[in-house]
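In the working numbering, the protein residues as written are 526 to 1151.
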């Protein structure tokens, strides 16, 4: 009752009903929407050329006319080449009758072989069996059929003359014949003409149309609309030009290879292969079918037909599985699976034209989902960006006890980022998620302890894998925490021992281990105290004779416990400089310093990179004061 009344009050439809209405509108209005969509696509493709011509001071109308006329000339030239080559092929086919007859005889020879004889034997057995079954019925009805035939012959007239038949063509049949002959040609020509006219007006009034679109979206969202329109246009234009370049190269290679193979009308097959490839998935099959069939029919042997088949297969595999996924996914912002799904969807709605428009239309939908919150699900479903962040992926893998998947995520991160970045941007967020979920009944404390233990094992393995580097004497004095290369201790810097101490549980211990590992790798003497009773950890710090002590704390922070531990350390080790690592803290450092009652000489850091930079600066100051 409540949901129904709320829908009635707001006058809105459920999302599924809205989607069905939109899809139905796209299907039944395709006669109008298809030419408009093609015109928009053509205007996007010609807009860069028009803008460049406008810089040559050709006015407003001149560049549009030049671009449109150039497009028409290209289409006419393309049609002339294809038509001339097709007529030439039709005239040459009778001369290839001998080769075709030999190929048919070769196929018959295969048919008369062992496999053909076996097939004919099976057919004969089937025929004899059917005749045996039908024999009784045929014998029972033969007498009655004979009597009927005799009576029909006796009743026939003695003298029977044939009646002449004349076929008179009516005007309506002539009109229908002419319409059936010219209809398949005039229909596409009319559509092309409408598309060119629409594209011309869109290019002439493109600023006016853009302003109307911005006004329709709302003046308060004009900045967002401008960004969305610009991004969609740039992505579509990049896709169209990249696709044109790939298809042009594909057709050129096909034409050249077929010419050297010796297939007649190689230019025709190259042009058709390049043009038809604009239709995804089925265009290549159509463009390859005719030359492959012709090569099998014309050439006496099997070498050149197999070469013709092989060049299409190899080029399609290379371009379809290596070149296009790399180029299209990087420049369109949609995933390879989304391209396939979009092709099926738009082909079901608009046929072959839908295949041609599937990728540009999907690009526009992804951009709309990026800027319109109500359509964000389109970006999630169709976009090429990962839905989950890397830290969430690792957290889910560890929570599901899937160690292999977690190791794959870590290896991918180490391939793309430095070790310090992996610790700061992946491991620490995972530990923060585990800390916040520790008290969740669905997650459970045991699962959280397992996650801490597993991350501790991973950090120990990485400490063995990434061993200590040799100190560098040319290390920069000041490098930001975003630097991917770890800061190394200068050769003349004093040997200061650093100790990392956990404030609460296993998550703090793992973070302290990561900091100690980075410091050891940079050439410092660092150590992470084992998690245990507080008194035992303090005794371990005292045994290490530390110069700098870092407290490791993950959110949610327990301010009172951190303050008590800091006060105890400050009273017991007055000569040690203390740093407090509030990992992931994004608030004001001065406010936190006041809450924890930290003295001015001590430090507060929020990332491992900050801690390393501060230790570097501290050792340099100590070196100057010696």
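Ideal Cβ positions, reconstructed from N, Cα and C, are used throughout, including at glycine.
Using only the alpha-carbon positions, how far apart do residue i and residue j sit?
| i | j | result |
| --- | --- | --- |
| residue 678 | residue 815 | Because residue 678 sits at a pLDDT of 43, beneath the cut-off of 50, its placement in the model cannot be relied upon, and the following sentence gives the value as read from the coordinates. Between residue 678 and residue 815, the C-alpha separation is close to 55 Å. |
| residue 732 | residue 934 | 47 Å |
| residue 801 | residue 839 | 17 Å |
| residue 749 | residue 844 | 36 Å |
| residue 1131 | residue 1084 | 15 Å |
| residue 543 | residue 1136 | 54 Å |
| residue 600 | residue 575 | 18 Å |
| residue 1065 | residue 1122 | 25 Å |
| residue 564 | residue 973 | 58 Å |
| residue 786 | residue 830 | 9 Å |
| residue 1144 | residue 865 | 58 Å |
| residue 540 | residue 552 | 18 Å |
| residue 1104 | residue 949 | 17 Å |
| residue 739 | residue 730 | 14 Å |
| residue 1011 | residue 1036 | Only weak support is given to the placement of residue 1011: the predicted model assigns it a pLDDT of 43, under 50, and the question is left unresolved by the model. |
| residue 560 | residue 719 | 7 Å |
| residue 804 | residue 717 | 16 Å |
| residue 734 | residue 741 | 10 Å |
| residue 1026 | residue 1051 | 11 Å |
| residue 1139 | residue 1056 | 25 Å |
| residue 752 | residue 975 | 46 Å |
| residue 617 | residue 728 | 44 Å |
| residue 897 | residue 757 | 13 Å |
| residue 1038 | residue 1053 | 5 Å |
| residue 644 | residue 820 | Only weak support exists for where residue 644 lies, its pLDDT of 47 falling under 50; the value from the coordinates is given anyway. Near 28 Å, if we compare the C-alpha coordinates of residue 820 and residue 644. |
| residue 858 | residue 764 | 10 Å |
| residue 577 | residue 593 | 14 Å |
| residue 725 | residue 587 | 11 Å |
Starting from the Cα of residue i, find the closest Cα among the options and give me that residue.
| i | options | result |
| --- | --- | --- |
| residue 1078 | 546, 1088, 1070, 1071 | 1088 |
| residue 1115 | 1124, 1109, 822 | 1124 |
| residue 760 | 897, 1028, 566, 546 | 566 |
| residue 792 | 928, 807, 812 | 812 |
| residue 1024 | 1062, 573, 820, 1086 | 1062 |
| residue 612 | 540, 1051, 790 | 790 |
| residue 1097 | 1111, 1071, 1080, 1081 | 1071 |
| residue 608 | 794, 977, 942, 984 | 794 |
| residue 977 | 917, 1032, 579 | 1032 |
| residue 1074 | 1101, 877, 546 | 1101 |
| residue 817 | 728, 833, 1026, 804 | 833 |
| residue 762 | 781, 799, 882 | 882 |
| residue 712 | 556, 867, 850, 773 | 556 |
| residue 799 | 770, 1111, 824 | 770 |
| residue 979 | 990, 940, 927, 767 | 927 |
| residue 550 | 725, 921, 874 | 874 |
| residue 596 | 614, 943, 570, 583 | 570 |
| residue 1046 | 971, 943, 894 | 943 |
| residue 1142 | 1021, 1086, 589, 727 | 1021 |
| residue 1111 | 1081, 1099, 584, 1126 | 1081 |
| residue 1119 | 1146, 1108, 1133, 1091 | 1091 |
| residue 774 | 737, 824, 837 | 837 |
| residue 766 | 852, 579, 936 | 852 |
| residue 985 | 835, 714, 783, 1040 | 1040 |
Can you pull the DSSP bridge partners for residue i?
| i | result |
| --- | --- |
| residue 1052 | 1024 |
| residue 1102 | 1073 |
| residue 1107 | 1078 |
| residue 908 | 859 |
Tell me which residue opens and which closes the alpha helix (DSSP H) that residue i is part of.
| i | result |
| --- | --- |
| residue 866 | 861 to 875 |
| residue 1116 | 1114 to 1121 |
| residue 791 | 791 to 801 |
| residue 836 | 828 to 843 |
| residue 814 | 808 to 823 |
| residue 847 | Element bounds for residue 847: n/a, residue is neither H nor E. |
| residue 933 | 928 to 941 |
| residue 1034 | 1031 to 1046 |
| residue 947 | 944 to 947 |
| residue 1091 | 1084 to 1097 |
| residue 543 | 540 to 553 |
| residue 991 | Careful: residue 991 lies outside any alpha helix (DSSP H) and carries neither H nor E. |
| residue 917 | 915 to 924 |
Looking at the secondary structure, which residues open and close the beta strand (DSSP E) in which residue i lies?
| i | result |
| --- | --- |
| residue 1128 | 1128 to 1130 |
| residue 1078 | 1073 to 1078 |
Using a C-beta cutoff of 8 Å, does residue i count as contacting chain C?
| i | result |
| --- | --- |
| residue 732 | Any reference to chain C falls outside this structure, which holds one protein chain only. |
Within the region 563 to 623, note down every full alpha helix (DSSP H) run reaching 4 residues or more, in order along the chain. 586 to 617
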